[in-house]
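Report on the following structure.
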Ligand code: ADP
Ligand code: MG
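Below, the structure written as structure tokens:
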């Protein structure tokens, strides 16, 4: 319980800092981005090789700022009652093309239950997006993503498993730390955002992983 309390406090502070930084950075970035785009479009510009790099880097800052904004979203107020199975299946169908492009087989085991949870529906979709994205990025060949949903008592348990390369202990230890990434193009904010959204809804998230065997994320949420 103590650990969870510290985590929640930490997430709250990160959220507050994220909100102010994101808003301060967004406006100047918009104008820089506009001018850089203008320079890119000028065929007489001799520095296009550089302005193109500037544009790529600006987009990267924009991605980080967007993720910061997700982190800073005030919760509770936007809570509604929604069908958790539907949110999950909606995201699975968003990923269908991505799965097939990467030859990933997605095994979905969701019993019909019409279970309702109270929370942030867009947030929960973001959670599934972040987890599927990580699995897709980790899987190389013969990838399988297994999604299992179980209802018991007043809670729903969602397992999202992949048979990817898994994580070493350093990565597991830092998984929820801001900016921890092993990817060249990663932001290292995905799992932190995921955790914040789950904890905000009174849920828990645990990740287990084994090198060469894969990764399993378990989310437990209270039902209405
Ligand atoms: P990012 O995806 O931007 O790197 P995340 O917070 O989503 O940031 O993930 C942090 C790190 O955790 C990743 O860089 C990766 O090393 C590791 N990771 C997350 N999910 C998986 C997974 N399903 N399989 C293997 N490694 C993973
Ligand atoms: Mg990620």
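In UniProt numbering, the protein residues as written are 299 to 522.
Glycine included, each C-beta is placed from N, C-alpha and C at the ideal position.
- Query: Pick out every residue whose C-beta is nearer than 5 Å to a heavy atom of the ligand MG: which are they, in chain order?
  - Reply: Any heavy atom of the ligand MG counts here; residues with a Cβ closer than 5 Å to one of them, in chain order, are 432 and 488.
- First through last residue of the beta strand (DSSP E) which encompasses residue 384: Taken as a continuous stretch (DSSP letters only), residue 384 belongs to no beta strand (DSSP E), being part of the alpha helix (DSSP H) at 382 to 392.
- Query: Any contact of the region 449 to 468 with the region 409 to 419, i.e. 3+ C-beta pairs under 8 Å?
  - Reply: Between the region 449 to 468 and the region 409 to 419 there are three or more inter-stretch CB-CB distances shorter than 8 Å, so the stretches are counted as touching.
- Query: Could you give the C-beta distance for residue 334 and residue 362, rounded to a whole number, given that I count them as a contact under 8 Å?
  - Reply: Actually they do not touch by this definition, with Cβ atoms about 17 Å apart.
- Message: Quick check on residue 499: buried or exposed, where buried means 16 or more other Cβ atoms within 10 Å of its Cβ?
- Response: Counting every other CB atom within 10 Å of its CB across the protein chains shown gives residue 499 a total of 16 or more, marking it as buried.
- Among 310, 426, 305 and 470, the one whose alpha carbon lies nearest that of residue 382: When only C-alpha atoms are compared, the closest one is 426.
- Message: Among 405, 418 and 398, whose alpha-carbon lies nearest the alpha-carbon of residue 460?
- Response: Comparing Cα positions, the closest option is 405.
- Query: Measuring CB to CB, does residue 428 end up less than 9 Å from residue 484?
  - Reply: Contact annotation: residue 428 and residue 484 have beta-carbon atoms that are not nearer than 9 Å.
- Reduced DSSP secondary structure (H/G/I, E/B, other) of residue 363: The three-state secondary structure of residue 363, taken from DSSP, is helix.
- Message: Considering Cα atoms alone, identify which of 518, 417 and 307 is closest to residue 379.
- Response: Just measuring C-alpha positions, the residue of 518, 417 and 307 sitting nearest residue 379 is 417.
- Taking the CB atoms as reference points, tell me whether residue 518 and residue 444 lie closer together than 9 Å. No, Cβ-Cβ distance for residue 518 and residue 444 is not below 9 Å.
- Message: As a quick exercise: from 437, 399, 469 and 421, pick the residue whose alpha carbon is nearest that of residue 386.
- Response: If we check each option's Cα against that of residue 386, 421 comes out closest.
- Query: CB residue 474 to CB residue 493, shorter than 9 Å?
  - Reply: Closer than 9 Å, so yes.
- Message: For residue 364, which residues in the same chain have their Cβ closer than 6 Å to its Cβ, ignoring the five residues on either side in sequence?
- Response: Correct list: empty, nothing qualifies.
- With burial defined as no fewer than 16 other Cβ atoms inside 10 Å of the residue's Cβ, what is the status of residue 403: buried or exposed? Result: exposed.
- Quick one, are the C-beta atoms of residue 458 and residue 395 less than 9 Å apart? No, they are not a contact pair.
- Say the cut is 8 Å; is the CB of residue 481 nearer than that to a heavy atom of the ligand ADP? Judged by the Cβ position, residue 481 qualifies as a neighbour of the ligand ADP at the 8 Å threshold, a heavy atom of the ligand being closer than this.
- Query: Just curious, the alpha helix (DSSP H) that residue 424 is in, first and last residue?
  - Reply: Run containing residue 424: 419 to 436, per the alpha helix (DSSP H) assignment.
- What runs of the alpha helix (DSSP H), each 4 residues or longer, lie entirely inside the region 463 to 522? Restricting attention to alpha helix (DSSP H) runs no shorter than 4 residues, the region 463 to 522 encloses them at 467 to 472 and 488 to 498, ordered along the chain.
- Message: Helix, strand or coil for residue 448? Go by DSSP, reduced to three states.
- Response: Note: residue 448 maps to strand in three-state DSSP.
- Query: So what does DSSP say about residue 358, is it helix, strand or coil?
  - Reply: The three-state reading of DSSP puts residue 358 in helix, counting H, G and I together.
- Alpha-carbon to alpha-carbon, residue 353 and residue 384: About 37 Å.
- Item | Three-state class that DSSP yields for residue 414 in the structure shown | Three-state DSSP puts residue 414 in a strand.
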